[in-house]
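Trainee: For reference, the structure I am asking about is given below.
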Amino acid sequence: MRQTYIKEIAKHVGEEVTIKGWLYNIRSSGKLMFPQIRDGSGIIQGVVFKKAVSEETWKNFELLTQESSIVVKGKPREDSRAPGGYELDITELEIVQIAQDYPITPKEHGIEFLMDHRHLWLRSRRQQAILRIRAEIISAVRTFLDDSGFVLCDSPIFTPAACEGTTTLFECDYFGDEKAYLTQSGQLYNEATAMAFGRVYCFGPTFRAEKSKTRRHLTEFWMVEPEMAYADLEDVMNLAEEFLSYIVARVLDKRQEDLKVLERDISKLEAIKTPFPRLQYDDAVKMLKEGGLEFEYGNDFGSPDETYISQKYDRPVMVHRYPAKVKAFYMESDQENPDLSLSVDVLAPEGYGEIIGGGQRMFSLEKLRERIAEHNLDEASVDWYLDLRKYGGVPHAGFGMGIERCVTWICGIEHVRETIPFPRMLYRLKP
RNA sequence: UCCUCAGUAGCUCAAUGGUAGAGCAUCCGGCUGUUAACCGGAGGGUUGUAGGUUCGAAUCCUACCUGAGGAGCCA
8 MRQTYIKEIA
18 KHVGEEVTIK
28 GWLYNIRSSG
38 KLMFPQIRDG
48 SGIIQGVVFK
58 KAVSEETWKN
68 FELLTQESSI
78 VVKGKPREDS
88 RAPGGYELDI
98 TELEIVQIAQ
108 DYPITPKEHG
118 IEFLMDHRHL
128 WLRSRRQQAI
138 LRIRAEIISA
148 VRTFLDDSGF
158 VLCDSPIFTP
168 AACEGTTTLF
178 ECDYFGDEKA
188 YLTQSGQLYN
198 EATAMAFGRV
208 YCFGPTFRAE
218 KSKTRRHLTE
228 FWMVEPEMAY
238 ADLEDVMNLA
248 EEFLSYIVAR
258 VLDKRQEDLK
268 VLERDISKLE
278 AIKTPFPRLQ
288 YDDAVKMLKE
298 GGLEFEYGND
308 FGSPDETYIS
318 QKYDRPVMVH
328 RYPAKVKAFY
338 MESDQENPDL
348 SLSVDVLAPE
358 GYGEIIGGGQ
368 RMFSLEKLRE
378 RIAEHNLDEA
388 SVDWYLDLRK
398 YGGVPHAGFG
408 MGIERCVTWI
418 CGIEHVRETI
428 PFPRMLYRLK
438 P
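Heads up: the first sequence begins at 8 in my numbering, then just goes up one per residue.
Dropping the structure here:
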């Protein structure tokens with residue numbers, strides 16, 4: 008018999024169906040058993056009456072352990088007593104494999120234990136909800152950009168040098184005679200493809216060898232970076248707010264059940280509508296000082312500063328025109344004040360902090376050369392990048408969004424480590 | 001790199017200088033509507049490692065190891 012997926016069970020009430028999955032948990036009450044079965048699409052509670060099944064089937068049910076793989080046949084029906092609203096009256100059981108001593112029991116566990124068993128932890132309800140939302144967000148990102156005229160042009164993962172001098176890179180041996188580095192941003196390559204296709208985006212893994220040990224950091228994370236030719240800072244901010252509000256709307260539309268598993272406050276997400284507040288760096292600094300926070304003008308915001316600013320709003324706030332010296336070398340400077348850059352960070356609400364960073368790119372070849380020198384970067388290694396300012400340069404702009412930080416915010420959870428199937432963090436490379 | 005906290009049964013924790021214990025998981029038994037089911041019983045320990053103080057150390061001291069949170073840096 009064909010396999011029926013649990014999420015489709017409502018369409019099969021009264022029919023005999025076959026469910027192929029794993030035993031999530033089982034409760035027994037003498038002559039009655041309540042196995043909870045999951046198949047990846049959902050969880051359903053089964054009912055087994057001793058009198059209604061063969062002696063062999065009953066005995067086999069007594070053998071089952073948590074996460075044993077099983078195929079069952081039965082008839083689904085609506086039942087208000089069952090978690091999920093539907094229940095399966097089971098008639099037959101086929102044991103595929105008995106699991107032995109599954110380590111993740113239905114009680115609570117510490118984070119170290121769960122991280123060591125990440126390959127099994129993925130089976131739990133909460134992790135599935137988070138990763139389904141991640142998949143939805145990624146799908147929404149692609150749909151939005153594809154439908155807005157952006158061409159997917161992925162940037163390389165092996166790169167010959169740093170894109171931004173500040174962060175630490177993972178170094179690899181490249182056939183013995185050369186060093187390669189894992190990409191920390193597709194930015195420079197995006198500018199090249201944008202000059203070819205007009206509107207482009209890259210979307211892939213990014214690597215940062217920073218020894219950051221906080222709930223916001225991974226050493227390997229996924230970043231989507233749209234870039235537009237003939238665009239300025241204003242266009243980037245417009246794009247960012249349309250982009251984020253589309254993503255949130257998609258998750259609200261398609262993943263209600265998963266948000267419910269996570270006990271996410273939906274009203275907080277329903278507030279995410281354009282326009283987003285826009286705040287100049289200078290005004291943000293005033294806000295911090297009025298709030299009594301110690302802050303020196305000219306510095307970048309620290310985590311507590313971002314938290315303070317973002318908590319003032321019910322939707323993401325776009326802080327723009329940061330001092331040039333705290334931003335990447337390729338940021339265009341503000342004509343009205345050359346010490347400021349045409350940059351923008353989008354800070355997610357509820358204290359989640361920066362999820363997007365972007366801006367308008369430096370147009371002038373001469374000024375770009377000066378910046379490269381100021382940042383002690385090797386001009387020879389980015390000669391191809393400078394070509395983009397020689398052969399039909401145009402004003403252009405874009406941003407990068409860290410997927411895991413976005414997922415963390417939308418899910419309303421504490422730590423980025425749960426938003427990617429196998430997180431890579433400082434001192435944690437396994438499993 | 002720096003600061004703070006924590007390592008006791010497979011898991012989550014208790015025992016605060018005097019006989020290492022509970023819940024869950026596992027095994028055995030009971031229960032015809034369970035909701036992290038419940039009830040009874042059993043097995044399960046080099047208290048992270050090494051040293052020290054003490055009549056006596058899970059407990060106090062030193063070093064190291066491992067993990068977590070935070071700072072800086074960043075998406």
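Cβ coordinates follow ideal geometry from the N, Cα and C atoms, glycine included.
For C209, count neighbouring C-beta atoms within 10 Å of its own C-beta (all shown protein chains included) and say buried if the count is 16 or more, exposed if not.
Mentor: Buried.
Trainee: Counting only the same chain and skipping the five closest in sequence on each side, list residues whose C-beta sits under 6 angstroms from that of Q367.
Mentor: Here the set comprises D239, L240, E339, L349 and A404.
Trainee: To which residues does DSSP link Q10 through a beta bridge?
Mentor: DSSP lists T25 as partners of Q10.
Trainee: Would V268 and I144 qualify as a contact pair, given that the criterion is a beta-carbon distance under 8 angstroms?
Mentor: Not in contact: V268 and I144 (Cβ atoms no closer than 8 angstroms).
Trainee: Under a Cβ-count criterion, where at least 16 other Cβ atoms within 10 Å of its own Cβ denotes burial, should E185 be classed as buried or exposed?
Mentor: Burial call: exposed.
Trainee: Would you kindly check if the distance between the Cβ of R125 and the Cβ of P438 is under 8 angstroms?
Mentor: Yes, Cβ-Cβ distance for P438 and R125 is below 8 angstroms.
Trainee: In the DSSP assignment, what residue or residues form a beta bridge with Y93?
Mentor: E85, per the DSSP bridge assignment.
Trainee: May I ask you to verify whether the segment 247-262 touches the segment 147-157, counting CB pairs closer than 8 angstroms and requiring at least 3?
Mentor: Judged by Cβ distances under 8 angstroms, the segment 247-262 makes contact with the segment 147-157, as three or more pairs qualify.
Trainee: When the Cα atoms are used, what is the spatial distance from L39 to K261?
Mentor: Computed Cα separation, rounded: 36 angstroms.
Trainee: Please list, in chain order, all residues of the same chain as E69 whose beta carbon is under 6 angstroms from its beta carbon, the five residues on each side excluded.
Mentor: If we look at E69 and ignore the five residues flanking it on each side, it has no Cβ neighbours.
Trainee: Going by beta carbon distance, what residues of the same chain come within less than 7 angstroms of G205, once the five residues before and after it are set aside?
Mentor: Once the five neighbours on either side are set aside, the close Cβ partners of G205 are A236.
Trainee: Assign C179 to one of three DSSP states: helix, strand, or coil.
Mentor: C179: strand per DSSP, three-state reduction.
Trainee: Which residues share a DSSP beta bridge with P110?
Mentor: In DSSP, P110 forms no bridge with anything.
Trainee: My assumption, with CB atoms under 8 angstroms, is that I417 sits in contact with V255. Please give the rounded CB distance.
Mentor: That belief holds up - the Cβ atoms of I417 and V255 are roughly 6 angstroms apart, short of 8 angstroms.
Trainee: With DSSP collapsed to three states, give me the class of K186.
Mentor: In the structure shown, K186 sits in a strand (DSSP, three-state: E or B).
Trainee: Where do the ends of the beta strand (DSSP E) carrying T72 lie?
Mentor: Where T72 is concerned, there is no enclosing beta strand (DSSP E), given that its DSSP letter is neither H nor E.
Trainee: Would L127 and P110 qualify as a contact pair, given that the criterion is a beta-carbon distance under 8 angstroms?
Mentor: Yes, these two residues count as a Cβ contact at 8 angstroms.
Trainee: Going by CA-CA distance only, name the one from E99, Q43, K58 and E63 that's closest to Q73.
Mentor: Checked all of E99, Q43, K58 and E63; the closest Cα to Q73 is Q43.
Trainee: Do G407 and E232 have their C-beta atoms closer together than 8 angstroms?
Mentor: Against a cut-off of 8 angstroms, the Cβ pair of E232 and G407 comes out as a contact.
Trainee: By the 10 Å Cβ neighbour count, where 16 or more other Cβ atoms means buried, how is D46 classified, buried or exposed?
Mentor: Flag for D46 reads buried.
Trainee: I need the DSSP call for K58, collapsed to helix, strand or coil.
Mentor: Helix at K58.
Trainee: If you draw a straight line from the C-alpha of G81 to the C-alpha of Q10, how long is it?
Mentor: If you take the alpha carbons of G81 and Q10, they lie about 12 angstroms apart.
Trainee: Decide if N344 is buried, meaning its Cβ has at least 16 other Cβ atoms within 10 Å, or exposed.
Mentor: The residue is exposed, with fewer than 16 neighbouring Cβ atoms inside 10 Å.
Trainee: Is the segment 279-292 close to the segment 211-224, with three or more CB pairs under 8 angstroms?
Mentor: Touching, no, given that fewer than three Cβ pairs across the two stretches are closer than 8 angstroms.
Trainee: Tell me the start and end of each unbroken beta strand (DSSP E) in the segment 266-314 that is at least 3 residues and wholly inside, in chain order.
Mentor: If we require 3 residues or more, the beta strand (DSSP E) runs fully inside the segment 266-314 come out as 285-287.
Trainee: If F439 and L189 are in contact, beta carbons under 8 angstroms, what's the gap, nearest whole angstrom?
Mentor: Outside the shown range of the chain (8 to 438) lies residue 439, about which nothing can therefore be said.
Trainee: When the Cα atoms are used, what is the spatial distance from S317 to D307?
Mentor: Going by the C-alpha atoms only, they are around 15 angstroms apart.
Trainee: Can you check which of these residues, E301, E297, T98 and M244, is closest to T453 by C-alpha distance?
Mentor: Here the chain covers residues 8 to 438 and nothing more, so residue 453 does not appear.
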